[in-house]
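In the working numbering, the protein residues as written are 10 to 367.
Cβ atoms here follow ideal geometry from the backbone N, Cα and C, with glycine treated the same way.
Structure record follows, encoded as structure tokens.
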């Protein structure tokens, strides 16, 4: 497929953005200013890819001509460079096609991630805690900022529920494929007979919503303050710091008590509420996606069993793309980049197929 005309339009758009970035009123509207800078950066990367592709194609043509020349020494040097160029060009073409795809909704946003223990009692809560630790390690290694918003502990160090925020470059794009039911197969610490149990935890990855994304009317909220309970020391048990927010039109309720102040818990609760409402809106839009794509990566729903962690076999399997890795010991320590990249690649292939059909 020839992308020359499309890239020319992108280059014209880049010139417009260049002028906007140089303008003194760029940040008169802060949100619009950030959008311009983000688009400018993406177009620069796209055009750099195109320029490198064109340069590599020229070098390939030149080396193919030189490889058949009468100058034996020059022909030998040119022949030696051909394999690398022939391998590079298809990769550059694929990268360019990705860059030319329309952006996914909310892919540049930070993420609100919710993990809840599912079926399996105490073992499910322990597995939920393992997943939280896995994402904490992943964040550390990849330079992402993790902010704990709310958690509810269980016995033996497990977690009934934990909600946290991950921020960094295109976090939602990286983490969105983690949404769904995660199943674990292992011998619990409490199992005396050595039998393997199957438990589950649900993960929901929501794009963090800003006030401009989801406008909530004050009259649509019912905010209640109550005394916090549970572990956390004397302060959490003696102050009226817990906040419960109800969105009246949808009936959604968020309760936060992890912060030390009423204001901090209110801000955290509203942040979670906005993200959940934005997720509802996004799910409505995803109903338009093709059945083929849904069958491949799923809609990210909590009802979908997406992955199995089998500890006796040191195996982790993602059921959406049929990928099995035999490094569960490293995977559960946060080495999940390979899985995320494989899921992203499968998603891109489907989007490219749909774009071609369209």
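Q) On the premise that residue 122 lies in contact with residue 83, defined as a C-beta separation below 8 Å, what is that separation, rounded to the nearest angstrom? A) Actually they do not touch by this definition, with Cβ atoms about 57 Å apart.
(Q) Measuring only the C-alpha atoms, how far is residue 340 from residue 33? (A) Roughly 48 Å separates the two Cα atoms.
Q) Given that a residue counts as buried once 16 or more other Cβ atoms are within 10 Å of its Cβ, and exposed if not, what is residue 244? A) With a pLDDT of only 44 at residue 244, under the threshold of 50, the placement of this residue in the model should not be trusted, and no figure is reported.
**Q.** Collapsed DSSP secondary structure at residue 51 in the structure displayed
**A.** Looking at residue 51 - three-state DSSP - the assignment turns out to be helix.
Q.
Give me, in chain order, the residues of the same chain whose beta-carbon lies closer than 7 Å to that of residue 58; leave out the 5 immediate sequence neighbours on both sides.
A. Around residue 58, the same chain offers 101, 104, 105 and 108 as residues with beta carbons nearer than 7 Å, after the five sequence neighbours per side are excluded.
Q) Where DSSP assigns a beta bridge to residue 334, which residues make up the other side? A) Answer by DSSP bridge pairing, in chain order: 325.
Q. Looking at the structure shown, is residue 357 part of a helix, part of a strand, or coil, going by DSSP?
A. Here residue 357 sits in helix by DSSP.
**Q.** Same chain, Cβ closer than 7 Å to residue 140, five either side skipped, listed in chain order
**A.** Apart from sequence neighbours up to five positions away, the residues of its chain that approach residue 140 with a beta-carbon distance below 7 Å are 124, 191, 210 and 212, ordered along the chain.
Q. Are three or more beta carbon pairs between the segment 39-59 and the segment 76-93 nearer than 8 Å?
A. A contact between stretches requires three or more CB pairs, one per stretch, nearer than 8 Å, and the segment 39-59 fails this requirement with the segment 76-93.
Q | Residue of 172, 153, 357 and 254 minimising C-alpha distance to residue 343 | A | That would be 153, whose Cα lies nearest to the Cα of residue 343.
(Q) For the alpha helix (DSSP H) containing residue 23, name the first residue and the last one. (A) Start and end: 13-31.
Q: Determine the direct distance from the alpha carbon of residue 196 to that of residue 29, and round the result to whole angstroms.
A: Cα to Cα, the separation comes out at about 60 Å.
Q | Exposure of residue 214, with buried meaning 16 or more beta-carbon neighbours within 10 Å | A | Buried: at least 16 other Cβ atoms inside 10 Å.
(Q) residue 231 and residue 255 - do their beta-carbons sit closer together than 8 Å? (A) Yes, Cβ-Cβ distance for residue 255 and residue 231 is below 8 Å.
Q) Buried or exposed: where does residue 246 fall if 16 or more other Cβ atoms within 10 Å of its Cβ makes it buried? A) At residue 246 the pLDDT is 46, less than 50, meaning the model places this residue with poor confidence and gives no usable figure here.
Q. Looking at the structure shown, is residue 79 part of a helix, part of a strand, or coil, going by DSSP?
A. Here residue 79 sits in coil by DSSP.
Q: Quick one: grab the DSSP three-state call for residue 9.
A: In this structure the chain extends from 10 to 367, so residue 9 is not present and cannot be described.
Q: To the nearest angstrom, report how far apart residue 358 and residue 229 are at their CA atoms.
A: Spanning the two alpha carbons is a distance of roughly 42 Å.
**Q.** Runs of beta strand (DSSP E) wholly within the segment 111-172 (minimum 3 residues, chain order)
**A.** Runs of beta strand (DSSP E) with 3 or more residues, each lying fully within the segment 111-172, are found at 120-126 and 154-162, listed in chain order.
Q | For residue 360 and residue 146, the rounded distance between their alpha carbons | A | If I take the Cα positions, the gap works out to 30 Å.
Q: Check the DSSP bridge columns for residue 175 and list the partner residues they point to.
A: Looking at the DSSP assignment, residue 175 forms a beta bridge with 120 and 155.
**Q.** Element boundaries [beta strand (DSSP E), containing residue 314]
**A.** Where residue 314 is concerned, the enclosing beta strand (DSSP E) starts and stops at 314-319.
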